[in-house]
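Only one structure is covered here, and it is reproduced in the block below.
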Amino acid sequence: MSTAVLESNLLTAENVLSGVFSIPLPQVEQGLSLCFDVPAFQLQLTIPITEVESDMIAGRVMFRAKLEDDVVLALTGTGTFNSEADNFKIEQVDLQMEQLTETARADFIISTIRAALILAGDVYVRIPSIQLDVTLRFDEPLLDSSQMLRRRQIDYRIMVIERTVGYEFHLPSDISGDEVRDITLAYYAIVDGSFVWPIDSIKIFFPATRESADMLARLRQETSIPIGPDPFSLKLFGRQIVLGQRGIIIQDAVIENLETAQNEISKNDGHVVPVLIRSTSGQAKYDFFAIPKPPAVMWDANVQKMVELESQLDVALVNRYHALATATLAGLTEEQKKEVTTFPDLDEAFIVDMDGEHV
Amino acid sequence: MTLGPALTETSLVLDNDIFNAWRYGRDQHIRRAIADYQSRLKLFPALTAMTVYQALYGFENKSIKPDEPNQQTIQARTETERLSKSCDVLPFNQRSAEIAAYIVPRLSKNIPKGTLVDVFIAATALAHGYGVATRNRRDFELIASHTPDSLILRIAAW
Numbered sequence: 025m026s027t028a029v030l031e032s033n034l035l036t037a038e039n040v041l042s043g044v045f046s047i048p049l050p051q052v053e054q055g056l057s058l059c060f061d062v063p064a065f066q067l068q069l070t071i072p073i074t075e076v077e078s079d080m081i082a083g084r085v086m087f088r089a090k091l092e093d094d095v096v097l098a099l100t101g102t103g104t105f106n107s108e109a110d111n112f113k114i115e116q117v118d119l120q121m122e123q124l125t126e127t128a129r130a131d132f133i134i135s136t137i138r139a140a141l142i143l144a145g146d147v148y149v150r151i152p153s154i155q156l157d158v159t160l161r162f163d164e165p166l167l168d169s170s171q172m173l174r175r176r177q178i179d180y181r182i183m184v185i186e187r188t189v190g191y192e193f194h195l196p197s198d199i200s201g202d203e204v205r206d207i208t209l210a211y212y213a214i215v216d217g218s219f220v221w222p223i224d225s226i227k228i229f230f231p232a233t234r235e236s237a238d239m240l241a242r243l244r245q246e247t248s249i250p251i252g253p254d255p256f257s258l259k260l261f262g263r264q265i266v267l268g269q270r271g272i273i274i275q276d277a278v279i280e281n282l283e284t285a286q287n288e289i290s291k292n293d294g295h296v297v298p299v300l301i302r303s304t305s306g307q308a309k310y311d312f313f314a315i316p317k318p319p320a321v322m323w324d325a326n327v328q329k330m331v332e333l334e335s336q337l338d339v340a341l342v343n344r345y346h347a348l349a350t351a352t353l354a355g356l357t358e359e360q361k362k363e364v365t366t367f368p369d370l371d372e373a374f375i376v377d378m379d380g381e382h383v
Numbered sequence: 004m005t006l007g008p009a010l011t012e013t014s015l016v017l018d019n020d021i022f023n024a025w026r027y028g029r030d031q032h033i034r035r036a037i038a039d040y041q042s043r044l045k046l047f048p049a050l051t052a053m054t055v056y057q058a059l060y061g062f063e064n065k066s067i068k069p070d071e072p073n074q075q076t077i078q079a080r081t082e083t084e085r086l087s088k089s090c091d092v093l094p095f096n097q098r099s100a101e102i103a104a105y106i107v108p109r110l111s112k113n114i115p116k117g118t119l120v121d122v123f124i125a126a127t128a129l130a131h132g133y134g135v136a137t138r139n140r141r142d143f144e145l146i147a148s149h150t151p152d153s154l155i156l157r158i159a160a161w
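Chains S and Z, in that order, give the protein sequences. Using our numbering, the first residue of the first sequence is number 25, and each one after it goes up by one. Using our numbering, the first residue of the second sequence is number 4, and each one after it goes up by one.
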C-alpha cells in the first residue's frame, strides 16, 4: 500500500443554495475573513482572507485565505454579474486546498477539513464584510472519503512521532507501504508500548557451545520464545528514530532448522550458528522499554479541535456505507433478495455448453 | 496449519457470507464489526473480484428471466455496483492464481462445492497480504492447511 500525500485537493459544490453579494468588493486590508460553519460536526473555522481576485464580468471571483503557516484555501465562485442590481450571484463554488509545507501537520489539516466538508451535508460559508452567505453541499465518492480518513490517520501518527522525538519530517510526495508499516510500529510503540505484531520468522545466532545446546533444547519445548530486549530504532523518511529497547515474544513458535542447528551447535567449537524461529500463527508480542514519551500537551487549539473530530467523521462515513450496503437489496422481496444473493457453484457458473447455455 | 488471527492492523477482505449479511442490514454484529474495523484502519474491508463477480452474477442470472430486469432489480444492481466501487476490490492476479492452483489439488475431492469459491477468495487475500473476515472458519482452516510457502492465512471470525 502506498499513500499519495500530494494531490489535487479540489472540492466542487454545484448546488449553491444562496450566494449573492454586492459590489464593489472591499479591500483585503479591511480584515476580510472566510468563515466555515459545519453544524454536523460542530466545527467553525474563521480564516483570514489574504487575497481577492475578481473578474466579475467574466463571472469569477476568488478569495484566498491562509490558515496559519500551513494551508491556503482558495474559494472560487463562478456565477453571473448583474450590472443593474450591481451584484454578483454565485452559482458554483470550487474550494481548492493547498499545503504550504510538506508536513504531516499541513496534510492532516487539509485531510480533516476536506473530510469534514464532504461528510457534513450542508456547509455554511460566510464572508461577513461583504454579506456573502452561501450554503454548500460537497459530494465525493465514498472511497475517496475513506482514503482521506486513512491518510489523515497516517498524518496523525506521524505527528505523534514528531512530537515525541522532537523533529518535524519533510514528507515525500508518496508514502510507501513499508513506511506506513514503520509509522504504525513506531506509533504503537510510543502510545501502547506493548502490543501484538505480525511476524513470520526471525533468525537468531548462537555460538556453538554446550550452553547454547542446553538453551536450544529448552527453547524447543516452548511455544512462546522470548528474544531480547535489545536496542531498537528505525529509519523514517531518512531519519533514524530511537525507540528505546524492544523485547519480542514469538508466539506459537517452532524452530525451523532444529536438526541442522543442533548438529552445528554440538560441534562445540564456538562458531556462530543461525537458528530460524517461526511463528506458526504469524504473531509476536512486542514490549518496548525506555521509549521516549510524548509531551503532556500535544497540540495547539486548531489541531486539537481537528483531532477530536475523528470519531464523528468515522461515524458519518460508516453510516453512509451501511446505508449504501442496505440499498443494494432495497425494494426487493425476501424471495428476490434470496435469488440475487444465492451464489452459484463454480462449476455451474463457469461451465457452458456448445450453445452457450449453462450445462 | 498456517492459520493466524487477524491482528489490529490486518487488512481484511469480506467473505461472501459477511458481504451478504452486510447488505441485508439485519445483523447488528456485522455492522458493528465493520464499524470497528473502519475505526481502526480508517478503511473499509476490501472485496475480492470473486465476491464482486458473485454479487453481479446474482443480478445477471435474474435479469435473463421473463419480465426481468424490473425496476427494482435495476436499482438494486446499480447500488451494488456503487457499493463495490466504494470498496477496494482485489484482483485475482498471477500470484492469486499460483496460490489457488497450489491449494486446490491438495484438498480432498469431496470438499463442499462452496469451498472452491473460498479458495479463490483466500488465494486473492493471501496474494495481496490481506486476511479474511468470515463466518465460515472451518472452510478457511481447511484451506489454510494447504497454503504454499507457509503463507499464513489470517482469519477474523465475525
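Beta carbons: idealized from backbone N, C-alpha and C, even for Gly.
May I have the straight-line CA-CA distance separating residue i from residue j, to the nearest angstrom?
| i | j | result |
| --- | --- | --- |
| P72 (chain Z) | F22 (chain Z) | 23 angstroms |
| T3 (chain Z) | G61 (chain Z) | As displayed, chain Z neither begins before 4 nor continues past 161, which places residue 3 (chain Z) out of reach and without an answer. |
| A147 (chain Z) | P63 (chain S) | 49 angstroms |
| V278 (chain S) | F229 (chain S) | 16 angstroms |
| I158 (chain Z) | R140 (chain Z) | 7 angstroms |
| L341 (chain S) | G55 (chain S) | 36 angstroms |
| E359 (chain S) | L93 (chain Z) | 30 angstroms |
| V29 (chain S) | L167 (chain S) | Caution is warranted here: a pLDDT of 36 is assigned to V29 (chain S), below 50, making its placement in the model unreliable, and the coordinate value is therefore given only provisionally. Each residue's alpha carbon lies about 16 angstroms from the other. |
| F261 (chain S) | Y133 (chain Z) | 25 angstroms |
| L67 (chain S) | G145 (chain S) | 13 angstroms |
| L97 (chain S) | E280 (chain S) | 57 angstroms |
| K65 (chain Z) | V364 (chain S) | 7 angstroms |
| A82 (chain S) | Q31 (chain Z) | 54 angstroms |
| I199 (chain S) | A232 (chain S) | 43 angstroms |
| M322 (chain S) | L154 (chain Z) | 40 angstroms |
| H295 (chain S) | G252 (chain S) | 21 angstroms |
Hey, out of the options, whose CA is closest to residue i's CA?
| i | options | result |
| --- | --- | --- |
| D324 (chain S) | S:R187, S:V299, S:I226 | S:R187 |
| L15 (chain Z) | Z:A100, Z:S66, Z:A130, Z:V135 | Z:V135 |
| Q78 (chain Z) | Z:L17, Z:L59, Z:I106 | Z:L59 |
| T366 (chain S) | Z:Q57, Z:V92, Z:I158 | Z:Q57 |
| N111 (chain S) | S:P165, S:Q307, S:V147, S:Q155 | S:Q155 |
| A38 (chain Z) | S:I273, S:Q68, S:A347 | S:A347 |
| R174 (chain S) | S:T352, S:Q269, S:E334, S:F219 | S:E334 |
| R161 (chain S) | S:A349, S:A82, S:R138 | S:R138 |
| I249 (chain S) | S:R263, S:L258, S:I265, S:I223 | S:I223 |
| S89 (chain Z) | S:A349, S:Q177, S:S305, S:G355 | S:A349 |
| T51 (chain Z) | Z:R80, Z:S87, Z:Q74 | Z:S87 |
| Q275 (chain S) | S:Y191, S:I114, S:T70, S:Q245 | S:Q245 |
| S111 (chain Z) | Z:D142, Z:A49, Z:T54, Z:S66 | Z:D142 |
| L175 (chain Z) | Z:I106, Z:M53, Z:S153, Z:T76 | Any answer about residue 175 (chain Z) is impossible in this case: the structure gives chain Z only from 4 up to 161. |
| V158 (chain S) | S:P165, S:E203, S:L119, S:N343 | S:L119 |
| M53 (chain Z) | Z:I67, Z:L44, Z:D91 | Z:D91 |
| L136 (chain S) | S:P165, S:N106, S:A109, S:S169 | The sequence given here places Thr at residue 136 (chain S); Leu does not occur at that position. Looking at the Cα atoms, S:S169 is the closest of the given residues. |
| V297 (chain S) | S:S197, S:V149, S:R234, S:D338 | S:R234 |
| G7 (chain Z) | S:L337, S:S303, S:A320 | S:S303 |
Near residue i, what residues of its chain come up, given a Cβ to Cβ distance below 8 angstroms and the 5 sequence neighbours on each side ignored?
| i | result |
| --- | --- |
| A237 (chain S) | Q286, I289, S290, N292 |
| D94 (chain S) | Q123, L124, T125, T127, R129, A130, I133 |
| E381 (chain S) | Reliability fails at E381 (chain S), whose pLDDT of 47 lies under 50, so the model's placement of it is uncertain and the value that follows must be treated cautiously. Here the set comprises nothing. |
| S57 (chain S) | T70, I71, P72, I73, A89, I151, P152, S153 |
| T104 (chain S) | G83, F112, K113, E115 |
Quick one: what's got a C-beta closer than 7 angstroms to residue i's C-beta in the same chain, skipping five residues either side?
| i | result |
| --- | --- |
| A213 (chain S) | L267, F312, I315 |
| T284 (chain S) | none |
| A103 (chain Z) | V122, F123, A126 |
| H131 (chain Z) | L93 |
| I33 (chain Z) | I21, A24, W25, W161 |
| P151 (chain Z) | I102, Y105 |
| I182 (chain S) | A128, F193, I207 |
Between residue i and chain A, is any beta-carbon pair separated by less than 7 angstroms?
| i | result |
| --- | --- |
| S87 (chain Z) | This model lacks chain A altogether, as its protein chains are S and Z. |
Sorted by chain position, which residues of the same chain lie with C-beta nearer than 6 angstroms to residue i's C-beta, five sequence neighbours on each side aside?
| i | result |
| --- | --- |
| V85 (chain S) | S78, G101 |
| L353 (chain S) | K361 |
| L300 (chain S) | S225, K227, E280, N281 |
| V147 (chain S) | V62, L141, L160 |
| L356 (chain S) | none |
Ignoring anything shorter than 3 residues, give me the beta strand (DSSP E) runs that lie fully in the region 216-279 of chain S, in order along the chain.
Annotation: the region 216-279 of chain S contains the following complete segments of the beta strand (DSSP E) (minimum length 3 residues), in chain order: 218-222, 225-231, 249-260, 263-274, 277-279.
Determine which residues of the region 27-52 of chain Z have a Cβ less than 8 angstroms from any Cβ of chain S, and write them out in chain order.
Residues of the region 27-52 of chain Z with a C-beta atom less than 8 angstroms from some C-beta of chain S are Y27, G28, R34, I37, A38, Q41, S42, L44, K45, L46, F47, listed in chain order.
Determine which residues of the region 344-367 of chain S have a Cβ less than 8 angstroms from any Cβ of chain Z, and write them out in chain order.
Under the 8 angstroms Cβ criterion, the region 344-367 of chain S contributes Y345, H346, L348, A349, T350, A351, T352, L353, A354, G355, L356, Q360, K361, E363, V364, T365, T366, F367.
Using a Cβ-Cβ cut-off of less than 7 angstroms, list which residues of the region 50-77 of chain Z approach chain S; keep chain order.
Residues Q57, Y60, G61, F62, K65, Q75.
Residue ranges of each alpha helix (DSSP H) within the region 129-197 of chain S, 4 or longer
For the region 129-197 of chain S, the continuous alpha helix (DSSP H) assignments of 4+ residues that do not extend past its boundaries occur at 166-189, in sequence order.
In chain order, what residues of the region 292-311 of chain S put their CB closer than 9 angstroms to some CB of chain Z?
Taking 9 angstroms as the Cβ-Cβ cut-off, the region 292-311 of chain S approaches chain Z at R302, S303, T304, S305, G306, Q307, given in chain order.
Select from the region 212-231 of chain S all residues with a C-beta closer than 9 angstroms to any C-beta belonging to chain Z, and list them in chain order.
Going along the region 212-231 of chain S in chain order, one finds Y212, F219, V220, W221, P222, D224, S225 with a Cβ nearer than 9 angstroms to chain Z.
Enumerated in chain order, which unbroken segments of the beta strand (DSSP E) with a length of 3 residues or greater are wholly contained in the region 82-137 of chain Z?
Counting only runs of 3 or more, we get 134-137.
In the region 135-165 of chain S, which residues sit with their C-beta less than 8 angstroms from some C-beta in chain Z, listed in chain order?
Against chain Z - using a Cβ distance shorter than 8 angstroms - the residues of the region 135-165 of chain S are P165.
Report the residue ranges of all beta strand (DSSP E) runs contained in full by the region 325-349 of chain S; include only those spanning at least 3 residues, in chain order.
For secondary structure counted as the beta strand (DSSP E) over 3 or more consecutive residues, the region 325-349 of chain S holds no complete run.
Closer than 8 angstroms, Cβ to any Cβ of chain S: which residues of the region 140-159 of chain Z, in chain order?
Within the region 140-159 of chain Z, the qualifying residues are S153, I155, R157.
Can you check the region 55-114 of chain S for any beta strand (DSSP E) of at least 3 residues that lies completely inside it and give the ranges in chain order?
Within the region 55-114 of chain S, the runs of beta strand (DSSP E) that reach at least 3 residues and sit entirely inside it are, in chain order, 57-62, 67-79, 84-91, 95-106.
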